[in-house]
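With the numbering used here applied, the sequence shown covers 8 to 94. First up is the structure itself, then whatever we jot down about it.
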Amino acid sequence: AKSGWDEVAFGDRELDNIWVPDVQLMNLADEETRLHSAFWLYSDGTVWWARKAIFQLTCSMDFTKMPYDVQLCPMILVGWRDVVYDI
């Protein structure tokens, strides 16, 4: 049976009323600048949460092979409050 709706979108104000995972960046150099966040609720019960932000990260760099070097700066995500099956 079709419920009559496929998705509903919500913005920043409603996020205070739902659970969101406590995911942090370990190699964050400065405070994150959050531009926007929102979530979508689908008729099958799925909730999709997204946020748009600017991050400054710390990374180790090796310039010994410059100008032929390749630098990688991973985003190291950790959860402090939640276990993996909650996320």
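The C-beta atom is built at its ideal place from N, Cα and C for all residues, glycine as well. Just so we're clear, the structure is a prediction, and the values are computed from it rather than from any experiment.
Continuous beta strand (DSSP E) stretch holding residue i: start and end
| i | result |
| --- | --- |
| Ile25 | No beta strand (DSSP E) holds Ile25; DSSP gives it neither H nor E. |
| Leu35 | Per DSSP, Leu35 belongs to no beta strand (DSSP E) and is neither H nor E. |
Euclidean distance between Cα positions of residue i and residue j
| i | j | result |
| --- | --- | --- |
| Val77 | Ala60 | 25 Å |
| Lys72 | Pro28 | 40 Å |
| Asp19 | Val54 | 15 Å |
| Val90 | Arg41 | 24 Å |
Local conformation of residue i per DSSP, three classes
| i | result |
| --- | --- |
| Arg58 | strand |
| Arg41 | strand |
Contacts around residue i, its chain only, beta-carbon distance under 7 Å, and the 5 residues preceding and following it disregarded
| i | result |
| --- | --- |
| Leu79 | none |
Contact under 8 Å by Cβ, residue i with residue j
| i | j | result |
| --- | --- | --- |
| Arg58 | Ser44 | yes |
Same chain, Cβ closer than 8 Å to residue i, neighbours up to 5 away in sequence not counted
| i | result |
| --- | --- |
| Asp51 | none |
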